[in-house]
Amino acid sequence: MKKPIHLYIFVVLSSINCLLRLFNTFFSRYDEEAIRQLVNNFGNLEGIDESMFSYMRAAAEFQTNVVNKAFAVLLFAVLLAVIVLLFRKKNEQASYAYLGYLFGTLLLSTYIFIGGRGLAQVYTDPIMRQAVEAQTLLSYGIAIALFAVYFGVTIFFHLRKPKDKPSTATNATDI
């Protein structure tokens, strides 16, 4: 039986993303004084006003809210299940579990998109609001494209593999 190399590659890439998500969700902190000091070091950049600091504060709160933490832990648990199933050579079950992980990431991306649209309302300047909304839409589009690629490749290889194991009997002709 062939090894699902595509699944190993996807799990490694997803593990990197999942670990970064866990770190950012549980350990990121918003330090407004450090950001203000950084802005002052660059010579009080033009266009930076209080609404930008309000947006960054709201974005940090959104990133570390309970729903994002629950998604991060749940997706990490599902990814661990995929890794365990791969080590136990249960490739079909690992494939199904990975598809569940992919749908979880799609739900998380949708939640982040909807929340990001709400965060854009912090800006009073319509140009900044449109820029944040465009950036949120672009991020969501990239997440959907990655979902489609990972889902398509996983389904392709899942449907392509033979369902029945060939018989190894002495009179078998289907080897």
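Counting from 1, position 69 in the sequence shown corresponds to residue 69 in this note's numbering; the numbering is continuous, with no gaps.
Note that the Cβ used here is the ideal one computed from N, Cα and C, for glycine as well.
Bear in mind the structure is a predicted one, so any value in this text is a computation, not a measurement.
- Just so you know, the alpha carbons of N40 and D125 end up roughly 22 Å apart.
- Taking the Cα positions, S14 is about 8 Å away from L79.
- In this chain, the alpha helix (DSSP H) harbouring Y8 covers I5 to F27.
- Nearest to T110 by alpha-carbon distance, out of I142, Q37, L38 and Y98, is I142.
- Its chain contains E32, I35 and R36 as the residues whose beta carbon lies nearer than 8 Å to that of F53, once the 5 sequence neighbours on both sides are disregarded; these appear in chain order.
- For N91, the three-state secondary structure derived from DSSP is helix.
- Under the three-state reduction of DSSP, F42 is assigned to coil, being neither helix nor strand.
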